[in-house]
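Notes to accompany the following structure.
Number of protein chains: 2
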Amino acid sequence: MNIGEIARRAGVSRSTVSYALSGKRPVSAATAQRINGVIAELGYRPNASARALAEGRTRTLGLVIPPASRRLTDVQLGFVASVVEVAAAHDLDVLLSPSGGDHDRSFERIVTGRRVDGVILMEILLDDPRVARLEQEALPFVTIGHVEHPGASWWVDVDYAELIRRCVHHLADLGHQDVVLINRSDELVAAGYGPALRSSTGFLAAAEERGLTAHTVCCADEPAAGSACFEDIRRRWPEVTAAVTINEAALPGLQRALRRADLDVPGDFSITGVIAGRLAEAFHPPLTAADVPAGEMARLAVDLLVEQIADPGATPRNALLQPAIALRSSTGARRR
Amino acid sequence: MNIGEIARRAGVSRSTVSYALSGKRPVSAATAQRINGVIAELGYRPNASARALAEGRTRTLGLVIPPASRRLTDVQLGFVASVVEVAAAHDLDVLLSPSGGDHDRSFERIVTGRRVDGVILMEILLDDPRVARLEQEALPFVTIGHVEHPGASWWVDVDYAELIRRCVHHLADLGHQDVVLINRSDELVAAGYGPALRSSTGFLAAAEERGLTAHTVCCADEPAAGSACFEDIRRRWPEVTAAVTINEAALPGLQRALRRADLDVPGDFSITGVIAGRLAEAFHPPLTAADVPAGEMARLAVDLLVEQIADPGATPRNALLQPAIALRSSTGARRR
DNA sequence: ACACCTCATCGAACCGGTTCGACCTTGCGA
DNA sequence: TCGCAAGGTCGAACCGGTTCGATGAGGTGT
């Protein structure tokens, strides 16, 4: 079922079939109809590899995800699904590449082998080697999160510093004096993971603005660590009455530790932060938190990438999202 | 940076470079070294599209996932991540295609355009049109779940009927007389989703074996539905003392409803079923449940697919997994 | 010394599309 | 009536690899 076969059966040349399909040159109505008839009859579709070779583009986007060993968070998973869906709307396919901070075989295969027209890079570090690699390869790309000094680059990010700042102000308004930030894992912070670092600076800055006493702790991305972390906080700083967190994976553990300590939320202790809406709703009570808009980020990322692919010379654009904090039931006035 | 350029700089023909790279014909040590030197210097990698066209295979697997609109469950997400990782170990890339029961554009693009060497089909229905499509296209594929009458086909599945049967026996051993199955959504059941149907039959059969009174309900895949569903159960069958479920998404709602009804687990009410380990641990108390081994399923699925691609004439194989039920703390003796 | 074989390499064809330039009609205006 | 433009089609080149058959150089056996 190749284009030559179609041409033969329709009694025309291969180029005429090609033009009938692409519409890049006029084809007489009679011929077009004959060709379309044959195509429909045989269920023909052009071979994607051949087309990619000839056109010099693959109609495929690469999506670099964190390695599976480090479990993807709920937000990240929603993001992946949305990217695939938005790309499909553009008639683009999505190739997945699990890759740690260092560029591994999978990443190299996609980038150097010209398997994709552009790349979306998830969970980038403040100084990410893969960014340099993509620039060197002159492959269009959009990062989720931005590097420390995003000269002229394309990215989409959530303004963690600002969101955390708002959370702190919200707690201060409620009368809290002693607050803690439950950050993500040590390793991520050490590796230079932007959201973790920016949350931390935003948190400390806001606490200072409002004259609060602030502590920050790192917590591995799993329930057990959440419990341990909370107990640690109670032991070290018993005066703390509210927590801000961006660590979704630790929430179940946090919940359990709160119950064990027989603390009522928000009566005895307030919790807020940046949390996927679905998880915030699942908490008991539902969490007052900013929801990372994974779907919108995916749409923006794909749109930016498509724009960049269409015109590689365009001046880079970016988007810094500031989703609103949804008021639910986990924050209340200080009461001790 | 194409193979001609490498050949020119190494002073050999294109075919010699190709043979040096593939090792399919001997190349003298001196020439090989010269070629490798040039390749390393220029950072050359063969163009994936050209190679795919020439070889007739893309070194890419297609993974058909449920559409993003229907949120992927935790297990499914773990599965996707594992598939990508296992495929990467085989030096294969993974192309994602969101597709509902009906074959849509994305699915057709992947299948007909020969973009992939084989397909893994998630969440198939008992009678799935996409299976027929793949057979017609003579494209190797492995299904997750099996169709009603899997003549000679390749698949991997979890033995829901058996697992649910064991759950019921476990509850019967603890003295429970009245049990309920909280199944997945009406729509899925109506569409002929295998695990839902097989869970139901396994549940009823086991209850009969042990002389239990059994009820089954469907529940949409979201927390709110879980609450409503549980309240409905209490109202209709107040004598029920234990539930078996495969609906992970409803768990948070179930949890909330239990608390509202002031029921202690497992003192007043026992819960078990087939649940992702991570979610089972997050429940309060941790759930006694069978864990769907997403990682192992992914490994098996990819291995089977690779085997089938290597030898399309091989006799089909399949795997029916029966993971053990992990005893945690959500089931106890009947006490009323 | 000659035939013969092996090893290393080359050139050409091929995979299945796209695209460019050329060609032949046909219709229109001057 | 002739010239020219536009419409429709074709053949050939090209994208960047792989693979097959042929060729030449060098070594061996008789």
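As you go down the protein sequences, you meet chains V and A in turn. Going by our numbering, the first sequence opens with residue 1, and the numbers climb by one from there. Going by our numbering, the second sequence opens with residue 1001, and the numbers climb by one from there. For each residue, glycine too, the CB sits at the ideal point set by N, CA and C.
Residue i to residue j span [Cα, whole Å]
i	j	result
A:G1037	A:A1030	11 Å
V:A310	V:G253	46 Å
A:A1276	A:G1145	17 Å
A:A1326	A:R1236	30 Å
V:G78	A:V1075	14 Å
V:T288	V:T143	28 Å
V:S200	A:S1106	42 Å
A:A1196	A:E1148	13 Å
V:G62	V:L96	6 Å
A:G1226	A:I1271	13 Å
A:P1293	A:E1162	15 Å
A:I1182	A:A1280	15 Å
A:A1206	V:T245	45 Å
V:L174	V:R165	14 Å
A:G1004	V:P140	25 Å
A:E1055	A:R1034	26 Å
V:G313	A:A1314	51 Å
A:P1046	V:R114	9 Å
A:A1048	V:G11	33 Å
CB contact check: residue i to chain A, cutoff 7 Å
i	result
V:A276	no
V:N47	yes
V:G113	yes
V:P323	no
V:L300	no
V:L77	yes
V:P26	no
V:P252	yes
Inter-residue CB distance, residue i and residue j (contact presumed, cutoff 8 Å)
i	j	result
A:P1067	A:S1099	7 Å
A:V1064	A:L1121	5 Å
V:L125	V:V111	Not confirmed; about 17 Å, so no contact.
V:D104	V:R59	Between V:R59 and V:D104 the Cβ distance is about 25 Å, and since that is not below 8 Å, they are no contact.
A:V979	A:V1302	Here chain A covers residues 1001 to 1336 and nothing more, so residue 979 of chain A does not appear.
A:A1249	A:E1222	6 Å
V:A50	A:L1053	5 Å
V:G295	V:S82	5 Å
V:R234	V:A191	Wrong, their Cβ atoms sit about 28 Å apart, outside the cutoff.
Contacts of residue i in chain A (Cβ-Cβ under 9 Å)
i	result
V:R109	R1045, A1048, R1059, A1088, D1091 and D1093
Any chain V beta carbon closer than 7 Å to residue i
i	result
A:A1096	A small fix is needed here, since residue 1096 of chain A is Leu in this sequence, not Ala. Yes, A:L1096 lies at the interface with chain V (some Cβ there is under 7 Å from its Cβ).
A:P1293	no
A:P1223	yes
Cross-chain neighbours of residue i in chain V, by beta carbon under 7 Å
i	result
A:A1052	S49
A:L1072	L77 and A81
Neighbouring residues, chain V, relative to residue i (Cβ below 8 Å)
i	result
A:P1140	Result: empty, since nearest Cβ-Cβ is about 17 Å, beyond 8 Å.
A:A1106	It is worth fixing the name first, because residue 1106 of chain A is Ser in this sequence and not Ala. A88 and D93, listed in chain order.
A:R1328	Those do not exist, as A:R1328 stays about 13 Å from chain V at its closest Cβ, beyond 8 Å.
Partner residues on chain A for residue i, Cβ-Cβ distance less than 8 Å
i	result
V:R259	H1284
V:P67	E1085
V:R256	H1284
Chain A residues whose Cβ lies nearer than 7 Å to that of residue i
i	result
V:A40	Result: empty, since nearest Cβ-Cβ is about 13 Å, beyond 7 Å.
V:E338	As shown, chain V starts at 1 and ends at 336. That puts residue 338 of chain V outside it, with no answer to give.
Interface residues of chain V facing residue i [CB-CB closer than 9 Å]
i	result
A:L1287	Going along chain V, no residue has its Cβ under 9 Å from A:L1287, so there is no contact; the nearest lies around 12 Å.
- prompt: Okay, do the stretch 1169-1187 of chain A and the stretch 1316-1331 of chain A touch, 3+ Cβ pairs below 8 Å being the bar?
  reply: Short answer: they touch.
- prompt: Are the stretch 182-191 of chain V and the stretch 259-268 of chain V touching, with three or more C-beta to C-beta distances below 8 Å?
  reply: Judged by Cβ distances under 8 Å, the stretch 182-191 of chain V makes no contact with the stretch 259-268 of chain V, as fewer than three pairs qualify.
query: For the 8 Å Cβ check, are there 3 or more pairs between the stretch 315-326 of chain V and the stretch 154-165 of chain V?
result: Touching, yes, given that three or more Cβ pairs across the two stretches are closer than 8 Å.
- prompt: Taking contact to mean at least 3 C-beta pairs separated by less than 8 Å, is the stretch 1199-1216 of chain A in contact with the stretch 1237-1248 of chain A?
  reply: Contact between the stretch 1199-1216 of chain A and the stretch 1237-1248 of chain A is present, because at least three Cβ pairs lie under 8 Å.
message: For the stretch 17-25 of chain V against the stretch 1008-1023 of chain A, do three or more pairs of beta-carbon atoms, one drawn from each stretch, fall closer than 8 Å, so that the two count as touching?
response: In short, these stretches do not touch, since the Cβ pair count stays below three.
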